[in-house]
Amino acid sequence: MPELPEVETIRQRLIKGFDKSPSILNQTIRQVSLFWPGTLAEPDPHTFSAFLPGQKILAVDRRAKFLVLLLSDAYLVVHLRMSGDLYLEPQDSTTLYRDSKHDRLWLDFESDWRLVFNDMRKFGRVWLLRDTKDLFAKLGPEPFDEQLTSDVFAEMLHQRSRQLKPLLIDQSFLAGIGNIYADEALFKAQLHPLRQSESLTLSEAGSLLESIRFVLTKGIDRKGASIDWVYRGGDFQNYFQVYQQTGNPCPRCGHPIEKTKVGQRGTHFCPVCQKIETGNS
DNA sequence: CATCAACCCTGAGAGC
DNA sequence: TGCTCTCAGGGTTGAT
């Protein structure tokens, strides 16, 4: 499931070009094909398809797990949710080589290239907006924001009274973390997923922020994780310490990694290294 | 404000 | 082989 590192990887591939495909920058949209109307959050399909032809892609940015395509006169925002993917391919390759069963949207450019939005589980969404302010209004800070110092992060944790795991994946608290990187960051910081956020010491808060940045950086360096049957070409899954490592020995102490359910989400942790008690180190 | 559950979906894997 | 059941998960929504 794409989290910040996977979305960032896709962003960089769209900008730089990937494999044999060119950069998406300066491509001009010629034609729109929408195969699953539910993909479109707004506006309605008719307005969407009528507006886009002639629009040029000027930039590709990221906010949280959203990809933001700056067009000549609007923003095209994409959220990949669970199974979405976004890539360029030649306009004739779908008919010739590939099963297009899960394609939800095509943007055909004036060149021979096509932007494909493929999304097996249909959870992904696309917005065409004049302004992204409302959509992003409730998002928390970016993990790499320079303003986010360990003191600021500690204060954010103390202002809430929640278990760490659900808090980390709450996009209004911090933007871009999902289930994988939350589990990995908590393990690296040696904090129990059920620890109450307000109980963290200043040094524990600093350690958690540092761990979050470490695992996200590692994920980006590895071009993201390719898990389940969704392959995106990254190999961070080979570096998981606890995620999907249930029963395997903890890399730190050797005790078997355990899996529980926290806030409706599968949660992996080491019961020895990740203590629930308040650390007074 | 925090917590919980249902919902949106598909396909993989288990059990029979 | 082929059926049915369960599960996974990001984010939204509504109830407690």
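If you count the first sequence from 1, position 107 lands on 608 in my numbering, and the numbers rise without skipping.
Yeah, the Cβ is synthetic: ideal placement off N, Cα and C, and Gly gets one too.
For clarity, every value in this text was computed on a predicted model and none was experimentally measured.
Distance CB(residue i)-CB(residue j) smaller than 8 Å
i: LEU606; j: PHE624; result: no
i: ILE713; j: PRO644; result: yes
i: LEU658; j: LEU701; result: yes
i: VAL578; j: LEU587; result: no
i: GLY748; j: GLY735; result: no
i: GLY585; j: ASP545; result: no
Counterpart residues of residue i in DSSP-defined beta bridges
i: VAL561; result: LEU570
i: SER803; result: Residue 803 is absent from the structure shown; the chain starts at 502 and stops at 782.
i: LYS776; result: LEU692
i: ARG615; result: GLU590 and ASP609
i: THR768; result: THR761
i: THR529; result: LYS557
i: PHE519; result: SER522
i: GLY585; result: ASP620
i: GLU543; result: TRP628
i: VAL579; result: LEU568 and VAL627
Outcome for residue i when other beta-carbon atoms lying within 10 angstroms are tallied against a minimum of 16
i: CYS754; result: exposed
i: ARG696; result: buried
i: GLU543; result: exposed
i: THR548; result: exposed
i: ILE681; result: buried
i: ILE525; result: buried
i: GLN775; result: buried
i: LEU581; result: buried
i: PRO538; result: exposed
Sequence-distant residues of the same chain with beta carbon closer than 7 Å to residue i, five excluded per side
i: LEU630; result: ALA575, TYR576, VAL578 and LEU636
i: GLU647; result: none
Same chain only: Cβ atoms within 8 Å of residue i, ignoring 5 sequence neighbours per side
i: VAL533; result: PHE549, SER550, LEU553, PRO554, LEU606, TRP607, LEU608 and ASP609
- Message: I'd like the ranges of any alpha helix (DSSP H) spanning at least 4 consecutive residues and lying wholly in the segment 618-644.
- Response: Correct list: 634-637.
At 4 residues or longer, what runs of the alpha helix (DSSP H) sit wholly inside the segment 662-749? Taken in chain order, the complete alpha helix (DSSP H) segments of 4 residues or longer contained in the segment 662-749 are 665-669, 680-689 and 703-722.
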